[in-house]
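Following: one structure in structure tokens, then a few remarks.
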């Protein structure tokens, strides 16, 4: 029994020691001389206070200086009430934290290592709203130096393989989360979007859309999946969401960027083959017209059109033609001349494309062009003449 109790005590001491190892230094506002609660009250009021703190040991690589603001929002936290933090007389706020973003009354703000000096001044500004008429910044707010997992801006990304996807085509999506901190992140859970969001216009089709685990320093987690876009007005994909347990034993939630897309209709660029004569004689030059129309509402740039004839056809000139741009509802015509030395029906295909960041290709419907020998046409003509003579002869006998 005594051994069991001793083992439990040692295990608890180990856990507490490991937790303390993450805290290199920590001091409250009260401890450094700011014992009073900073209060801003009234409807849509704003006020600021200054806190001077000393960082005798400047943070080394992998160490993070964190401001922990403890605040109360009365009677309830509601936007646009917020607290803004400025460091060392910077004109721009280091961060603005909305009242609804505080976790159980706390907000953790990582101070840029390169801007932390031995002597530092923090300016903390509170702004009330119509619903939040009082904000109290409490003296147990803290400044500390920690070893911790860290996910700065740009560490959590969501990217698409095609910015202008064709409607109802599948596109590849990649979500990445990388730990730039000095400690492992625990209880990490990544989702391709907020679970409460239901987007009918963006449907996940295949692949991994969730990930759970731990992320050590420098490690990266990845989701790869495909989605189908069904609405031509969709412009933003939902941001990915990640949660993890931070160094303060809080469950923190972060979000990726919102990928931008501009869907295009499947027939945005419409190529069509037109024939002046579907039936031709061997050796004759046949005119083939490749018409390319922009059915979209935006100009299309770097347009290419290619005629794809059967091997039995001889087409003069380049099979591929290029043009800088086609305006909305504009049609461009490319002319070709073809001949054949073999009788038969031969398929004609074509391909049109335009390029911005990506290339987009559109196929035309296949059509046939026929070539006949002159003898076949002569026999056909003689047959028609004989038929007409027979009809007249029959009529003469019948009506005589």
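Numbering (my numbering), first residue to last: 3 to 402.
We put the beta carbon where it would ideally sit given N, CA and C, even for glycine.
Note that the structure is a prediction, hence the values are computed from the model and not measured.
task = Please go through the region 119-176 and give each complete beta strand (DSSP E) segment of 3 or more residues, from N-terminal end onward.
result = Entirely contained in the region 119-176, the beta strand (DSSP E) runs reaching 3 residues are, in chain order, 121-129, 136-139, 144-148, 158-162.
inquiry  = Quick check on residue 244: does DSSP put it in helix, strand or coil?
reply    = As a first step, residue 244 is located in the chain shown; it is residue number 242 there, counting from the start. Note: residue 244 maps to strand in three-state DSSP.
ask   = If we ignore side chains and look at the alpha-carbon of each, how far apart do residue 273 and residue 347 end up?
value = Locating residue 273 in the chain shown gives position 271, counting from the first residue. Locating residue 347 in the chain shown gives position 345, counting from the first residue. Their Cα atoms are separated by approximately 21 Å.
key: Every unbroken beta strand (DSSP E) within the region 179-250, with a cutoff of 3 residues, ordered by chain   = Entirely contained in the region 179-250, the beta strand (DSSP E) runs reaching 3 residues are, in chain order, 187-193, 204-209, 212-217, 222-231, 243-247.
ask   = Which of helix, strand or coil does DSSP assign to residue 33?
value = Mapped onto the chain shown, residue 33 falls at position 31. Three-state result, residue 33: coil.
request  = Specify the secondary structure class of residue 354 as computed by DSSP and reduced to three states.
outcome  = Sequence index remark: in the chain shown, residue 354 carries index 352 (1-based). Here residue 354 carries a strand assignment [DSSP, helix/strand/coil].
key: Euclidean distance between Cα positions of residue 309 and residue 262   = Along the chain shown, read from residue 1 onward, the residue named residue 309 stands at position 307. Along the chain shown, read from residue 1 onward, the residue named residue 262 stands at position 260. Straight-line Cα distance between these residues: approximately 34 Å.
Residues near residue 282 in its chain [Cβ-Cβ closer than 6 Å; skip 5 each side] = For this step, residue 282 is matched to residue 280 along the chain shown. Closer than 6 Å at the Cβ level, and outside the excluded window around residue 282, lie 288, 373.
ask   = Ordered along the chain, which non-local residues of its own chain (more than five positions away) have a Cβ less than 7 Å from that of residue 107?
value = Mapped onto the chain shown, residue 107 falls at position 105. Counting only Cβ-Cβ distances below 7 Å, and skipping sequence neighbours, we find 72, 73, 74.
ask   = Along the chain, where does the beta strand (DSSP E) that runs through residue 253 open and close?
value = Numbered from 1 along the chain shown, position 251 holds the residue referred to as residue 253. Here the beta strand (DSSP E) through residue 253 covers 253-257.
request  = Would you tell me roughly how many angstroms separate the C-alpha atoms of residue 327 and residue 358, rounded to the nearest one?
outcome  = Within the chain shown, numbered from 1, the residue matching residue 327 stands at position 325. Within the chain shown, numbered from 1, the residue matching residue 358 stands at position 356. C-alpha separation (whole angstroms): 11 Å.
task = Please go through the same chain and pick out, in chain order, the residues whose beta-carbon is closer than 8 Å to the beta-carbon of residue 5, but skip the five residues on each side of it.
result = As a first step, residue 5 is located in the chain shown; it is residue number 3 there, counting from the start. Its pLDDT being 47, under 50, residue 5 is placed unreliably in this model, and the coordinates cannot settle the point.
request  = Assign residue 349 to one of two classes, buried (16 or more other C-beta atoms within 10 Å of its C-beta) or exposed (fewer than that).
outcome  = As a position in the chain shown, residue 349 is number 347, starting the count at 1. With fewer than 16 other Cβ atoms from the protein chains shown falling within 10 Å of its own Cβ, residue 349 counts as exposed.
Cutoff 8 Å; reference residue 181; Cβ partners in own chain excluding five residues on either side = Here the question's residue 181 lines up with position 179 in the chain shown. In the same chain as residue 181, and ignoring 5 residues on each side of it, the C-beta atoms closer than 8 Å to its own belong to 151, 152, 153, 157, 187, 217, 218, 219, 220, 221, 222, in chain order.
task = Return helix, strand or coil for residue 344, following the three-state DSSP convention.
result = As a working mapping, residue 344 is identified with position 342 in the chain shown. Annotated three-state conformation of residue 344 is coil, per DSSP.
query = Would residue 124 be called buried (16 or more neighbouring beta carbons within 10 Å of its own) or exposed?
reply = The residue you call residue 124 lines up with position 122 of the chain shown. Classification for residue 124: buried.
query = Tell me the DSSP bridge mates of residue 1?
reply = A question about residue 1 goes unanswered here, because the residues of the chain that appear run from 3 up to 402.
query = Does the distance from the CB of residue 35 to the CB of residue 42 come in under 8 Å?
reply = Against the chain shown, residue 35 aligns to sequence position 33. Against the chain shown, residue 42 aligns to sequence position 40. Remark: C-beta atoms of residue 35 and residue 42 do not approach each other more closely than 8 Å.
query = How long is the line joining the alpha carbons of residue 145 and residue 196, rounded to whole angstroms?
reply = Here residue 145 refers to the residue found at position 143 when the chain shown is read from its first residue. Here residue 196 refers to the residue found at position 194 when the chain shown is read from its first residue. Going by the C-alpha atoms only, they are around 32 Å apart.
query = In this structure, does DSSP put residue 376 in helix, strand or coil?
reply = As a first step, residue 376 must be located in the chain shown, where it is residue number 374. Three-state result, residue 376: helix.
query = If you run the structure through DSSP and keep just helix, strand and coil, what is residue 322?
reply = In the chain shown, counting from the first residue as 1, residue 322 sits at position 320. Of the three classes helix, strand and coil, the one that applies to residue 322 here is strand, per DSSP.
key: Burial state of residue 45 (16 or more Cβ within 10 Å)   = Locating residue 45 in the chain shown gives position 43, counting from the first residue. Residue environment for residue 45: exposed (fewer than 16 other C-beta atoms within 10 angstroms of its C-beta).
Proximity winner among 291, 316, 323, relative to residue 304 (alpha-carbon distances) = Along the chain shown, read from residue 1 onward, the residue named residue 304 stands at position 302. Of the residues 291, 316, 323, the one whose Cα lies closest to the Cα of residue 304 is 323.
inquiry  = Please state whether the Cβ-Cβ distance between residue 162 and residue 224 is less than 8 Å.
reply    = Working through the chain shown from its first residue, we reach residue 162 at position 160. Working through the chain shown from its first residue, we reach residue 224 at position 222. Inclusion of residue 162 and residue 224 in the CB contact set at 8 Å is not warranted, their separation being larger than that value.
request  = Run the CB neighbour count on residue 342, radius 10 Å, all protein chains shown included, and call it buried at 16 or more, exposed below.
outcome  = The residue you call residue 342 lines up with position 340 of the chain shown. Looking at its Cβ environment, which holds 16 or more other Cβ atoms inside 10 Å, residue 342 is buried.
task = Alpha carbon to alpha carbon, how far is residue 337 from residue 286? Give it in angstroms, no decimals.
result = Counted from its first residue, the chain shown places residue 286 at position 284. Counted from its first residue, the chain shown places residue 337 at position 335. So the alpha carbons of these two residues sit roughly 16 Å apart.
query = Which runs of the beta strand (DSSP E) fall wholly inside the region 54-95 and span at least 3 residues, in chain order?
reply = DSSP runs (the beta strand (DSSP E)) wholly in the region 54-95: 66-76, 84-89.
message = Is it buried or exposed, residue 298, if we count other Cβ atoms within 10 angstroms and call 16 or more buried?
response = Here residue 298 refers to the residue found at position 296 of the chain shown. By the neighbour-count rule (16 or more Cβ atoms within 10 Å), residue 298 is buried.
key: Spatial distance of residue 315 from residue 296 (CA atoms)   = In the chain shown, counting from the first residue as 1, residue 315 sits at position 313. In the chain shown, counting from the first residue as 1, residue 296 sits at position 294. Answer to the nearest angstrom: the Cα atoms are 28 Å apart.
ask   = Bridge partners of residue 305, per DSSP?
value = Mapped onto the chain shown, residue 305 falls at position 303. Assignment of beta-bridge partners to residue 305 by DSSP yields 325.
task = Tell whether a beta-carbon distance below 8 Å holds between residue 190 and residue 214.
result = Within the chain shown, the letter at position 188 stands for residue 190. Within the chain shown, the letter at position 212 stands for residue 214. Taking C-beta atoms as the reference points, residue 190 and residue 214 count as a pair closer than 8 Å.
request  = Would you kindly report the start and end of the unbroken beta strand (DSSP E) that includes residue 104?
outcome  = Numbered from its first residue, the chain shown carries residue 104 at position 102. Premise fails: residue 104 is in no beta strand (DSSP E) and is neither H nor E.
request  = Whole angstroms is fine: what's the gap from residue 67's alpha carbon to residue 249's?
outcome  = Looking up residue 67 in the chain shown gives position 65. Looking up residue 249 in the chain shown gives position 247. Going by the C-alpha atoms only, they are around 12 Å apart.
Bounding residues of the beta strand (DSSP E) (the contiguous stretch that carries residue 330) = The sequence position of residue 330 within the chain shown is 328, counting from 1. Boundaries cannot be given for residue 330, as no beta strand (DSSP E) includes it and DSSP labels it neither H nor E.
task = Could you name the residues that DSSP lists as bridge partners for residue 43?
result = Indexing the chain shown from 1 puts residue 43 at position 41. 136, per the DSSP bridge assignment.
Length of the line joining the Cα atoms of residue 236 and residue 331 = Residue 236 sits at position 234 when you count from the first residue of the chain shown. Residue 331 sits at position 329 when you count from the first residue of the chain shown. Rounded to whole angstroms, residue 236 to residue 331 spans 22 Å at the Cα level.
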